[in-house]
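Peer 1:
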Amino acid sequence: MDEERRQAEVNLFKQLVTDAKQKAADVLLRLRSDLLERISESPTLVKASSEDYRDFLEEVLRATGESNRDPKLVYPVLEANLEKLDHNFIDILQTWASATLSELEPETAEIIAKVIVNFSILISDFPLGNKANNIEISIAGYERMLTVFTRESNPQNWASTQHNLGIAYSDRINGDKADNLELAIEAYQLALSVRTKPDFPEDWASTQHNLG
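Listed below in structure tokens is the structure:
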């Protein structure tokens with residue numbers, strides 16, 4: 001990688017977020033070489049394209065971090081990379097998240113986790129590409145972030161992520177329909193263990209509605 005490319009990527013991450021989010025961006029910058037190494041070592045990836053996937057992951061996380069969940073800022077990035085919304089991308093996301101987020105300070109890990117959860121929400125509703133793959137990516141994102149948002153340390157974000165995971169399993173195309181429904185119900189019920197009617201009436205009603 002030449003110096004100009006390296007400096008461009010440094011500048012890209014410096015623009016990711018400000019204040020607390022900037023702290024997460026700095027962490028992502030420090031971890032990008034580790035990400036490339038892990039991608040290259042993964043036996044399920046085509047190594048010739050691993051750098052393209054890495055660049056796409058960087059770009060989409062940056063866009064999501066800046067978007068405040070506005071699809072108009074994220075969907076153009078997804079549309080330009082439809083061919084990368086596949087199981088290779090799922091492997092990259094899971095490998096990186098599993099290997100790095102658990103090693104960070106909790107505050108920093110939660111900032112990055114919120115970005116990934118927001119990305120998972122956006123891609124689950126993305127109308128283009130392979131819908132089944134989009135849902136699988138969202139499920140992978142939610143499930144990995146539940147290792148950061150635990151019921152004990154961050155119950156509201158944990159419950160929200162369980163709620164979103166329930167939606168994803170309800171919409172899931174891959175797998176057995178009955179199994180997916182069972183997983184969706186389980187996620188909704190876990191969400192309701194925090195989203196009680198007295199404490200969070202609106203969230204409780206939303207999850208109850210989805211639970212049916």
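For the sequence shown, position 80 (counting from the first letter as 1) is numbered 80 according to the working numbering, and the numbering increases by one without interruption. Just so you know, even glycine gets a beta-carbon here, dropped at the ideal spot from N, CA and C.
(1) In the structure shown, what three-state DSSP assignment does Val77 receive?
(2) If you reduce the DSSP assignment to three classes, tell me which class Asp176 lands in.
(3) Would the stretch 52-66 and the stretch 126-137 be scored as touching if the rule is three or more Cβ pairs under 8 Å?
(4) Which residue wins for smallest C-alpha separation from Ala97, given the options Glu143, Asn118 and Lys72?
(5) With a threshold of 7 Å on Cβ separation, who are the neighbours of Val213 within its own chain once the five nearest residues in sequence on each side are excluded?
(6) Is Asp203 buried or exposed, if buried means 16 or more other CB atoms sit within 10 Å of its CB?
(7) State the Cα-Cα distance for the pair Ser217 and Asp52, rounded to the nearest angstrom.
(8) Within this structure, are the beta carbons of Asn157 and Tyr169 separated by less than 8 Å?
(9) Run through DSSP, which three-state label would Gly212 get?
(10) Could you tell me the alpha carbon to alpha carbon distance between Val74 and Ala187, rounded to whole angstroms?
(11) Nearest-angstrom Cα distance between Ser235 and Ile167?
(12) Roughly how many angstroms lie between the CA atoms of Ile121 and Leu78, to the nearest whole one?
(13) Between which residues of its own chain and Asp171 is the CB-CB distance below 8 Å, once the five residues before and five after are set aside?
Peer 2: Checking against the coordinates, here is how it stands:
(1) helix
(2) DSSP places Asp176 in the coil class of the three-state scheme, outside both helix and strand.
(3) no
(4) The option with the nearest alpha carbon to Ala97 is Glu143.
(5) In this structure the chain extends from 1 to 212, so residue 213 is not present and cannot be described.
(6) buried
(7) Residue numbering for the chain in the displayed model covers 1 to 212; residue 217 lies beyond these limits and cannot be assessed.
(8) no
(9) coil
(10) 27 Å
(11) Since the displayed the chain opens at 1 and closes at 212, residue 235 lies outside it and no answer follows.
(12) So the two alpha carbons sit approximately 13 Å from each other.
(13) Within the same chain, Asp171 has close Cβ partners Ser124 and Ile135.
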